[in-house]
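Worksheet: the structure to be examined is printed underneath.
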Amino acid sequence: MADLLQTARLFEVGTRLQTAAANLMSVAQGGKPDSNALKWAGDFLLRVDWNSNAMPKGGVDGGLAVSATSARPKFYASLVRIGPKLGQVGIRSEEQVYDFLRSIYGFLQSGGSQVLDLSADHFKLASEFLHILSQSIMVDLSNNGLPRRRSVLALGEFVA
Amino acid sequence: MSQEGSSDWSEEQWRGKMLLRQLRLRCTVIMNLAQSLEDGGGFATVTPKALCRLIRHTANVLDRSLADTPHDQLANVNYFLCSIAQHLRFVERSRTVNTPWSMIQATEHFLRQQVGANSRFIIRPQWAHNYSLTGEFVEAYRTEIASMAWIDPKAWEESSAERPVDERVYCIAFPRVERLNALLHANWGHELGHIVAARWIHGRFGQLWNGEEPDMKARIRQTVEQGLGASMNQALFKDLIINQYVSEYTDSAMELARDGLTELICDAIGVHLLGPSALAACLEFSAGFSLDENPLRCDRYPPWRYRLRLMLEACQENEDFLEEEATTSPKAAVYPGETVAPFWEWLREAKRLVTQTPDLQMLHRDGMDNVSVREAYTLVENHWRRIRGEALDMLLGGAKRPYKLRERLTTIDDLVAKLENDIPPNEVDTWPDSSPAAFEDIINAAWVFKARKLAQDPEWGCPKDLERLYRLVLKAIEASFVHSVFGPRLARLDKP
Amino acid sequence: MSTLTTREIENRLKGTGAKRLVVTPVLAPKQIGDASVDVRLGNQFIIFRLHTCGVFEPYKMLMSQLHTMQERHVVRFGDSFVLHPGTLALGSTFEYICMPADLEAQVEGRSSWARVGLQVATATSVEPGFKGVLTLELSNVGTIPLRLYPGVRIAQLFFHEAKPPATDAYTGQRKYECAIGPEFSKIRNDRDGSVFAGPIEE
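Residue numbers (numbering that gives the first Met the number 0), protein chains in the order written: chain G, 0 to 159; chain B, 0 to 495; chain C, 0 to 201.
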């Protein structure tokens with residue numbers, strides 16, 4: 000079945016994370032963020048990150064649990080992608096990576112009221128991270144605008 | 000156009016302006032296309048027009064909000080617009096000129112009776128040789144619109160006088176080359192099952208997954224660490240990389256479990272609604288394919304043997320015919336009815352297929368390359384009985400009772416006798432005491448008839464024989480639909 | 000040749016065995032009249048695509064040409080089919096008919112429709128042993144377009160005894176068998192017709 004609601008939920012994740020990324024960049028530039036957008040992203044990322052060690056404020060949510068599992072591989076891949084830039088803000092070990100992320104989650108969950116030890120550079124990096132994560136979800140959904148390759152029809156094979 | 004090299008030039012802004020122009024045009028084109036398809040008509044039911052209106056309305060809302068769309072979200076709007084434009088193909092291909100098939104109205108009527116009158120279906124042929132269901136369109140569009148913070152959801156929900164947003168719209172595709180193969184249309188039960196399966200998945204799977212994931216993650220991690228071995232010991236960000244592997248396999252396990260359960264629920268619904276004919280259609284359809292393929296190679300579908308096993312078990316629970324061994328003679332004395340005896344016998348033979356278990360060995364094999372399959376099917380097997388019960392409970396009131404061929408023998412006898420005389424099996428009994436036959440009885444009678452003919456004459460079944468059978472069954476489905484809808488209305492006219 | 004009246008028609012419809020007449024489904028008891036059974040319009044039509052050929056040459060056209068000149072339409076129950084003046088379309092009965100070997104039938108249009116210009120049948124007899132829906136040749140010989148709804152009573156069947164009963168009644172030798180929708184002409188299968196379709200000089 001082509002379950003449109005499944006893809007719609009992934010689209011929702013991609014779009015909301017992009018909104019959060021834009022808000023974080025606005026904060027980095029001294030602007031005021033949309034607190035609802037930040038809270039949703041914080042709640043979601045806490046479900047995605049296995050190292051967050053925190054319970055999302057939304058509690059158990061089956062639908063978000065599924066979306067979180069789908070997004071998780073891209074979460075880690077995106078972290079690997081921004082790896083070179085982590086050093087530029089003084090992050091040099093795995094433990095520091097997780098501490099950085101937890102601070103960002105705290106900021107997001109508070110809707111932007113709880114800043115902790117985050118600089119403008121930290122916010123820019125977090126924005127870039129969420130942007131990359133959002134984009135990778137959307138690329139997966141859209142195949143980046145390219146036709147999906149289908150298997151050559153041969154005896155015994157399905158065409159999806 | 001701004002000049003490259005000026006200090007305020009940015010890649011995002013420059014491309015964004017280009018995209019914005021394209022999106023304005025795209026919205027207009029989509030609205031016009033949807034309108035012209037709707038106006039062109041030639042549809043067997045009203046549903047294709049409903050989808051046209053939904054798409055047109057959605058494109059209109061997006062168009063009106065383009066000015067407020069943040070530049071970094073234009074690509075997402077683009078994706079959404081392109082998706083809904085593609086959905087117009089379902090409308091176009093459902094025109095009756097593409098498939099002048101009089102069964103569509105009857106089929107939609109049967110489907111809506113099972114899942115609710117606010118559910119609408121586009122039924123159309125496809126060249127791919129399989130059945131498929133796409134949907135649900137309204138809820139999907141609603142979710143996507145709601146995620147766009149710059150759009151007021153009420154603009155989509157409330158502004159359309161035509162209210163396309165109040166219905167649920169699905170598209171079912173059937174293989175074009177099998178259009179006339181009425182017996183294979185027992186697969187409608189499976190396709191209908193996708194609606195129930197989607198309700199279960201979106202309502203209950205998340206909770207189940209939430210509970211299972213932590214332990215599954217630990218087992219997968221153990222397998223990954225064993226698989227990667229000493230190669231990871233010196234890696235920088237070792238934990239992160241292992242997490243990446245584990246998250247990939249966990250995600251894969253989730254998709255395998257979710258998609259596997261979807262298909263198994265559909266099979267269960269098919270058997271529930273249409274009885275042994277659903278199993279028979281699946282047996283025949285799968286005859287051309289391998290029984291024991293790994294789901295990772297087959298778009299996450301469970302192996303055919305696995306599915307047939309569960310369908311047979313469901314049939315067995317409903318019919319208990321499969322337990323009886325016809326060791327005495329005549330076999331009619333053992334089986335509940337002489338007419339259906341060959342059909343029972345044929346299905347009993349199918350049991351031999353599922354007593355072999357190469358599919359189970361493949362699914363539960365250890366190893367990092369198979370860990371997601373192993374975990375997914377452990378989850379499935381641990382919870383299947385409960386899940387099946389919950390899914391069946393989601394059917395509408397009248398559909399909650401399973402179809403049991405054993406309880407329909409008198410009707411089936413009557414309908415098979417009609418087929419023997421080249422009469423469509425559209426009504427039970429004879430005038431003036433006749434009543435329209437039910438869709439499920441017609442399909443099962445057709446399978447019983449076919450099994451009888453093959454038992455009497457193994458050479459039976461040339462294209463001419465089968466085409467005649469299919470024609471009679473298609474006519475029966477159409478006639479019984481008209482009889483059941485219009486008969487009561489005419490009777491009311493004649494009342495004093 | 001005696002015409003069956005109501006009681007005999009009803010007996011035949013209720014009957015079993017070789018003498019049974021099947022007209023299925025009869026949606027309303029009033030379809031059975033004094034000496035006839037009303038039949039309803041089916042929802043499939045064949046119309047002719049006049050722009051695809053210059054002339055109908057039954058014995059010389061290729062099958063592909065025959066397919067090209069006809070177009071099938073399925074109309075939803077509840078929708079309508081408009082037949083314009085001077086046009087011909089093939090429709091069919093909604094009811095499926097099985098004739099016993101000792102009966103034949105005549106199809107006649109209902110006078111109500113004839114009075115507005117609709118001719119319902121030109122090839123009117125139904126042979127003993129026939130099985131299927133009846134193809135109806137619908138032509139509008141009036142001056143106003145007619146809107147036809149699938150399901151409406153469109154014609155009548157009058158039944159007559161065939162004496163003696165036909166021995167090879169419709170046993171696969173005939174052109175139209177177990178049809179469930181209108182069928183296009185199979186006149187090209189008339190082998191004797193082609194004998195005349197050419198010059199007589201050797």
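Think of the CB as a built atom: it goes at the ideal place given N, C-alpha and C, for glycine as much as any other residue.
CB contact below 8 Å: residue i versus chain G
i: G15(B); result: no
i: S146(B); result: yes
i: P434(B); result: What sits at residue 434(B) in the sequence shown is Ser, not Pro. Not an interface residue.
i: A217(B); result: no
i: S246(B); result: yes
i: Y376(B); result: no
i: M253(B); result: yes
Own chain partners of residue i with C-beta closer than 6 Å, once the 5 adjacent residues on each side are dropped
i: A454(B); result: P341
i: F448(B); result: V415, L418
i: L451(B); result: Per the sequence shown, the amino acid found at residue 451(B) is Arg instead of Leu. So the qualifying residues of the chain are P341.
Three-state secondary structure (DSSP) of residue i
i: N425(B); result: coil
i: K13(C); result: helix
i: A332(B); result: Note on A332(B): pLDDT 46, under 50, position unreliable in the model; the coordinate value appears next. A332(B): helix per DSSP, three-state reduction.
i: L182(B); result: helix
i: C170(B); result: strand
i: G134(B); result: strand
i: R19(C); result: coil
i: Y469(B); result: helix
i: F47(C); result: strand
i: I136(G); result: helix
i: C461(B); result: coil
i: E107(C); result: strand
i: T170(C); result: Confidence at T170(C) is low in this model, with a pLDDT of 48, below 50, so the placement of that residue should be treated as unreliable; the coordinate-derived value is given next. Looking at T170(C) - three-state DSSP - the assignment turns out to be coil, as it is neither helix nor strand.
Cutoff 8 Å: residue i Cβ touching any chain C Cβ
i: G205(B); result: no
i: P431(B); result: yes
i: R470(B); result: yes
Chain-order list of residues whose beta-carbon lies under 7 Å from that of residue i (same chain, five-residue window excluded)
i: F55(C); result: none
i: V245(B); result: K216, I219, R220, V223
i: Q64(C); result: C52
i: R101(G); result: S51
i: R175(B); result: P124, Q125, W126
i: V96(B); result: G41
Proximity test, Cβ basis, 8 Å: residue i and chain B
i: S141(G); result: yes
i: G110(G); result: no
i: R71(G); result: yes
i: C97(C); result: yes
i: I179(C); result: yes
i: L4(G); result: yes
i: G128(C); result: no
i: F43(G); result: no
i: F183(C); result: no
i: D60(G); result: yes
Other residues of its chain near residue i: CB distance less than 8 Å, five sequence neighbours each side excluded
i: N42(C); result: V73, V74, R75, F76, F93, P149, G150
i: K59(C); result: A196
i: R111(B); result: S118, R119, F120
Start-to-end residues for the beta strand (DSSP E) that takes in residue i
i: L135(C); result: 134–139
i: A154(C); result: 152–160
i: I386(B); result: Counting along the chain, I386(B) falls outside any beta strand (DSSP E), though it belongs to the alpha helix (DSSP H) covering 370–392.
Cβ neighbour criterion (16 or more within 10 Å) applied to residue i
i: D432(B); result: exposed
i: H50(C); result: exposed
i: Q113(G); result: exposed
i: V137(B); result: buried
i: H83(C); result: exposed
i: H66(C); result: exposed
Chain-ordered chain D contacts of residue i [CB-CB under 7 Å]
i: Y75(G); result: The question asks about chain D, but that chain is absent: this structure's protein chains are G, B and C.
Residue span of the alpha helix (DSSP H) that contains residue i, given as start and end
i: R55(B); result: 46–63
i: E247(B); result: 237–273
i: Y305(B); result: 303–318
i: E513(B); result: An answer regarding residue 513(B) cannot be provided, because it is not within the stretch 0 to 495 covered by chain B.
i: G205(B); result: 205–227
beta-carbon residue i near the ligand FMN non-hydrogen atom, thresh 7 Å
i: S289(B); result: Summarising the ligand content, the structure contains no ligands, and the ligand FMN is consequently not present.
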